[in-house]
Amino acid sequence: MRDLARRRPALAQLRYAERRDAFAGLTLAERFALIHRTNLWGAAETTSGLGSELAATAALRAGLHDLLGRYGVRRLLDLPCGEFGWMAAVDLNGVDYIGGDIVPDIVTANRARHAAPGVAFRHLDLLEDDLPQADLVLCRDCLVHLSFANIHRALENLRASSARYLLTTTFPELPENGEIEDGDWRPLNLQVAPFCCPPPLEILLENCTEAGGDYRDKALALWRLEDLREPGRL
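If you want the working numbering, it's the position in the sequence shown, counting the first as 1, plus 30.
This is the structure in structure tokens:
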């Protein structure tokens, strides 16, 4: 496994470190609104960050439609959806899509630009809100920005939803997880402490090239939500 200390910092980490003081005292929603408003993560195409640019999502766009078909997904909840840039290029034929985000301005803009039959957007807080019915929740590039406590809250809320599957970001070669402030970034391996998730049903590698390939294990991993239990619980 690649040692976390050997990975060069990602742009999101560097940019957050430069502006850390600006986040003092902010709520979770205010933190992500500030990130969006200032394009803190520094991507040219989208305020959702480098990982949401079209070139960075080519592998996902090629594989996501087939994955949804294999698991009979007819309703997809994408939370957080960000600016819907790369997802707009995914073949969602036969799938009802709901994009949710904690930042109201993102939701308003997405409704104006992208809402259509079978494509809707809602203001949602992953940690606190009752989630709309869906077969699968796509939670990409989200938990990597949350503290351990709020990751646990997010997973608890997801388990309480009606969804059958969770498709979320993980770094399977990472040997241990580090703590952060909400809004910062670090890689996250959901199969090691403090999460200890079982092996996923599938892994969809993203072919990430950031930091000279130091994050090339970045992937979306698929779990049955009923298989995700808090460590120590049967």
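C-beta atoms are modelled at their ideal positions from N, C-alpha and C, and glycine is treated no differently. Just so it is clear, the structure is predicted and the values come from calculations on it, not from any experiment.
| Check | Outcome |
| --- | --- |
| Check for me: the beta strand (DSSP E) holding Tyr-46 runs from which residue to which? | It is not in any beta strand (DSSP E) - Tyr-46 instead sits in the alpha helix (DSSP H) that spans 41-49. |
| Can you tell me the Cβ-Cβ gap for Gly-81 and Asp-165, rounded? I've got them flagged as a contact below 8 Å. | With a Cβ gap of about 24 Å, Gly-81 and Asp-165 do not count as contacting. |
| Out of His-95, Leu-64, Ser-78, which has the shortest C-alpha to C-alpha gap to Gly-115? | Ser-78 |
| Scan the segment 130-162 and note each continuous beta strand (DSSP E) run of 3 residues or more that stays entirely inside, going in chain order. | 149-153 |
| With DSSP as the reference, label Ile-233 as helix, strand or coil. | strand |
| Under a Cβ-count criterion, where at least 16 other Cβ atoms within 10 Å of its own Cβ denotes burial, should Ala-269 be classed as buried or exposed? | The chain is shown only over 31 to 264; residue 269 falls outside these bounds and no answer can be derived. |
| To which residues of the same chain is Leu-192 closer than 6 Å at the C-beta, ignoring the five residues directly before and after it? | Looking at the sequence shown, residue 192 is not Leu but Ser. If we look at Ser-192 and ignore the five residues flanking it on each side, its Cβ neighbours are Gln-163. |
| Given a threshold of 16 other Cβ atoms within 10 Å of its Cβ, counted over all protein chains shown, does Asn-219 qualify as buried or as exposed? | buried |
| For the segment 88-100 against the segment 135-147, do three or more pairs of beta-carbon atoms, one drawn from each stretch, fall closer than 8 Å, so that the two count as touching? | no |
| Measuring straight from C-alpha to C-alpha, what distance separates Val-125 and Cys-226? | 31 Å |
| Spatial neighbours of Ala-184 within its chain, please: CB distance less than 8 Å, with the 5 preceding and 5 following residues excluded, ordered by chain position. | Leu-156, Leu-157, Cys-169, Cys-172, Leu-173, Leu-176 |
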